[in-house]
Amino acid sequence: SERTDVEFYPVSREELLEYIKTGEPMDKAGSYGIQGKFGIYVKGICGDYNNVVGLPVGRLIYELKKMKKYNIAFTGVFDIENYGDHLFPLIFREKMKKKGIDCELFLFSPIGDVQQGYQQNYEVYPLYKLQELHDRYHFDAVIVGGGGILHYASGKQLLDKNSTEFVDYKVFETWVIPSLFAYNNKVKLIWNLPGGFHEFDYFYKPLTRCLCTTVDYMSVRDQYTKDILTSCNIPADKIYTCLDSAFIMKT
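This is the structure we're talking about:
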C-alpha cells in the first residue's frame, strides 16, 4: 500500500466555510484539492504527491518494473458505450508508454465478445474467459476499473445506442471475478477507484471482506465508499480515496 501524509496550516471556521462556497470540495476525495484553492493551506506532504492527487503512478510503475512480464488484464464496462470506463485503459497505455514500459492490455467485461467502443477497437473478452486467457498469456496483474460496481446486483442494460433489447448485465462480476481469480492464481490485483451505492447487508459483509483480502492496492472514488468497506471490517489504512484518473488527461 502507498501512504502520503498531508500537513495543514491552521484553518479557521470562516475560511472553511468560504472554501465550501467555492464548490471545489464537493467532488474531491477528502473534500479538498491539494492542487486547487485549498493548496494555500498545505504546509507540507510526506510521501508521493501523485497519491494525493489521484493514481500513485510512481508506486504503480515501481510495482510493474519488479515484474518480468507486462500482460495486464483490465476489467470494466468496456462492452457498452460508457465513456468513463473507456478512458482509463487509454490513460494507462499513454502513461506506461511515456515511462518506457511496454504493456499489452486485455480488456474484460461481463458480456464481452465485442470491439471496444469510441473508436478504440480493442477486443473486449467476456469475463468467463479470464482464466483461459491467463493460461495462455500469463497475466502479471489485474486492474479493476472504476464506476459504481461495488454491489452484488445486476440490471437491465442496452449494450449500445442502436440496441432495442435490454440484456441482464451483471456489472458486479467486474470486481468479484477478479478477486476470485487473483486468489486462485496469485496474481496482483489493483483497484482503480470503484464506488459503492449503499452499505452491504449483514449477509454480504463477511463475503465482501473475504473478496477484498486479495486486493494488493485498493483505491476508491470517495469517502462514502471507504466507509462502506470499513463497515465490513476492512482496515481503513488499506483503503485510499483518490481523484478520478481522468484528471491526469491533458486537453
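For what it's worth, our numbering labels the leading residue of the sequence shown as 332, then goes sequentially. Built from N, CA and C at the ideal position, the CB exists for glycine as well.
Would you identify the three-state DSSP class for residue i, choosing helix, strand or coil?
i           : result
residue 493 : coil
residue 628 : Since the first residue shown for the chain is 332 and the last is 582, residue 628 is missing from the structure and cannot be characterised.
residue 441 : coil
residue 449 : Low confidence applies here, because residue 449 scores a pLDDT of 49, under 50, leaving its location unreliable; read the following figure in that light. In this structure, residue 449 counts as coil in the three-state DSSP scheme.
residue 436 : strand
residue 352 : helix
residue 403 : strand
residue 484 : coil
residue 507 : helix
If we ignore side chains and look at the alpha-carbon of each, how far apart do residue i and residue j end up?
i           : j           : result
residue 574 : residue 466 : 34 Å
residue 566 : residue 377 : 21 Å
residue 342 : residue 554 : 21 Å
residue 444 : residue 454 : 7 Å
residue 515 : residue 507 : 13 Å
residue 502 : residue 345 : 43 Å
residue 482 : residue 542 : 12 Å
residue 527 : residue 550 : 12 Å
residue 339 : residue 347 : 13 Å
residue 371 : residue 426 : 29 Å
residue 421 : residue 532 : 35 Å
residue 548 : residue 441 : 22 Å
residue 462 : residue 334 : 32 Å
residue 460 : residue 504 : 12 Å
residue 423 : residue 544 : 25 Å
residue 489 : residue 412 : 9 Å
residue 401 : residue 429 : 15 Å
Is it buried or exposed for residue i, if we count other Cβ within 10 angstroms and need 16 for buried?
i           : result
residue 537 : exposed
residue 410 : buried
residue 512 : buried
residue 449 : For residue 449, the predicted structure reports a pLDDT of 49, less than 50, and the residue's modelled location is therefore unreliable. A value from the coordinates is still provided. Counting Cβ neighbours within 10 Å, residue 449 comes out exposed, since fewer than 16 surround it.
residue 557 : buried
Whole-angstrom Cβ separation of residue i and residue j, contact assumed at under 8 Å?
i           : j           : result
residue 406 : residue 509 : 5 Å
residue 499 : residue 485 : 6 Å
residue 523 : residue 476 : 6 Å
residue 559 : residue 530 : 5 Å
residue 456 : residue 438 : 7 Å
residue 473 : residue 518 : 6 Å
* To do: Mind listing, in chain order, the continuous alpha helix (DSSP H) runs of no fewer than 4 residues lying wholly within the segment 519–570?
  => 535–543, 554–561
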